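Quick note on numbering: our numbering labels position 84 of the sequence shown as 144, and the sequence is numbered without any gaps.
Just so you know, even glycine gets a beta-carbon here, dropped at the ideal spot from N, CA and C.
Keep in mind that this is a model prediction, so the values were computed, not measured.
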Amino acid sequence: AAEKKERLIRDYDLRFTEEMGEELNIMCNLSEGIEERGIEKGIAKGMEKGIAKGIAKGMAKGIAKGEAHGKAAGIAEATEKIVCNLLTAKDMTYERIAKAADISVAEVTRIADKYGLSYTMN
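The following block contains the structure:
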């Protein structure tokens, strides 16, 4: 307010009464209050947008991870079923089953043990 008063006197040769000085102070305080509210609103709006973007990005990552996990689990389950079917037929060696299912012999053995389908082929 003091700076504005000084400018008005210097630039416009305006003479202030005590009442005018008080009104200038009120107007300056009012404009500062309006500016502060505007800043607060801007910050709140920015945070709101940032949170929304963060949630959207997090959801997209979560969905992608979930899809990848689901796909891997589905492949693992299907592989187990194929191995179980081949083990039940009992006409293939663990090595042939491993090659057919594109997994290791150790994995065939693990699946056979898990489902009680272990056998030895002559």
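Residue i: first and last residue of the uninterrupted alpha helix (DSSP H) it sits in
i      : result
Met119 : Glu78 to Ala149
Thr169 : Val165 to Lys174
Tyr154 : Tyr154 to Ala161
Arg184 : No information on residue 184 is available, as it lies outside the stretch 61 to 182 that the chain covers here.
Own chain partners of residue i with C-beta closer than 7 Å, once the 5 adjacent residues on each side are dropped
i      : result
Ile94  : none
Tyr175 : Cys144
Cβ-based burial, residue i [other Cβ within 10 Å; buried from 16]
i      : result
Tyr154 : buried
Ile69  : exposed
Ile115 : exposed
Ile184 : Residue 184 is absent from the structure shown; the chain starts at 61 and stops at 182.
Distance between beta carbons of residue j and residue i, contact taken as under 8 Å
i      : j      : result
Lys65  : Leu90  : About 16 Å separates the two Cβ atoms, so there is no contact after all.
Ala172 : Thr139 : At roughly 13 Å, the Cβ-Cβ gap does not stay under 8 Å, so Ala172 and Thr139 are not in contact.
heavy atom of the ligand HEM below 6 Å from residue i C-beta
i      : result
Lys117 : Among the components modelled here there is no ligand, and therefore nothing to report on the ligand HEM.
8 Å CB neighbourhood of residue i in its chain, flanking five on each side removed
i      : result
Ser164 : Ala158
Q.
Is it the case that the segment 140-156 contacts the segment 122-129, given that we only count it when at least three CB pairs across the two stretches are under 8 Å?
A. no
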